[in-house]
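In full-length UniProt numbering, the protein residues as written are 1 to 327.
So, in structure tokens, the structure goes:
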């Protein structure tokens, strides 16, 4: 038995346009056959006016029919020029039958495949990036840090035994070395958040806020809701990295003196919110930092929204709908 779907044969775009033009030309022919209008030789002004008016009406009708028939193709073209794989879920509704509907379905299916492949590739890249960060952090801590510590101890011994004019210079070199050692340790902590692995997300966010206040000079008010659902390790790392990059962007671009960092629950989802009172979101395109945040959000099926804050500045919202399971 033949089903309705099997009986329906898609109409090609060629036959659609041909049919629309056939309707217009057929209407024009019928009007010429039935209309009580004759054309003189030479053509009179009244007859020319009637013919030109009829031609204008036919052209307008043809344009309107073609616009209706090709409207899905226009929507598809606009989406193709604006689609961004870092903002998944952009799809065209299938409101028609035939070849146009098949084209839209094929485009939507292609977007789904590209988004899945992009997410898989981003997961591999970010996993390799985290592994490289851990390796560099270990080398900084174990090799560079130990070397600077040895230099610091040597300078201390030399300063203790040196005469007064030289002792001041050695003490100054000792302070410079100590500052360099602190900076190396800070960079190592940023590359590999050991406090996240050892003490959890709440302590890691507190350390991140304290480090931001120390080096950026802006006050951070921090709020972490008690009783959050258990978070997958990958989710915790994504939340930490997004908070880290968000605060870095505030320090570099916002010119803010106050930042509110909050982690709370909205229904089953966990939301990270960063508000600052800086210059706000400008017209400039998104940089590598924000796109990196979006890629991390995709790893755990989260959404990242960056918009003007309710009281000026910028608001960054990371929403993790299923925090207990990474994708």
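Even glycine gets a Cβ: it sits at the ideal position worked out from N, Cα and C.
Beta-carbon proximity check, residue i vs residue j, cutoff 8 angstroms
i	j	result
residue 242	residue 206	no
residue 273	residue 262	yes
residue 212	residue 247	yes
residue 292	residue 245	yes
residue 174	residue 152	yes
residue 184	residue 154	no
residue 307	residue 294	no
residue 196	residue 271	no
residue 278	residue 250	yes
residue 76	residue 103	yes
residue 313	residue 280	yes
residue 254	residue 275	no
residue 192	residue 133	yes
Sequence-distant residues of the same chain with beta carbon closer than 6 angstroms to residue i, five excluded per side
i	result
residue 91	108
residue 171	159
residue 321	269
residue 219	258
residue 8	Bear in mind that a pLDDT of 46 at residue 8, under 50, signals an unreliable position, so the number given afterwards is only what the model happens to contain. Within the same chain, residue 8 has no close Cβ partners at all.
Cβ shell of residue i (< 7 angstroms), same chain only, five flanking positions each side left out
i	result
residue 222	205, 206, 209 and 261
residue 58	24 and 28
residue 156	174
residue 167	159
Which of helix, strand or coil DSSP assigns to residue i
i	result
residue 267	coil
residue 178	helix
residue 273	strand
residue 241	helix
residue 298	helix
residue 73	helix
residue 322	coil
residue 94	coil
residue 211	helix
residue 231	coil
residue 278	coil
residue 200	coil
residue 105	helix
residue 192	coil
Identified DSSP bridge partners for residue i
i	result
residue 310	312
residue 258	219
residue 305	317
residue 224	263
Beta-carbon proximity list for residue i, same chain, < 8 angstroms, skipping 5 on both sides
i	result
residue 4	At residue 4 the pLDDT is 44, less than 50, meaning the model places this residue with poor confidence; the figure from the coordinates comes in the next sentence. Hits under 8 angstroms: none found.
residue 149	181
residue 80	107
residue 216	247, 250 and 251
**Report entry** Inside the segment 122-171 only - alpha helix (DSSP H) runs reaching at least 4 residues
**Finding:** 145-161
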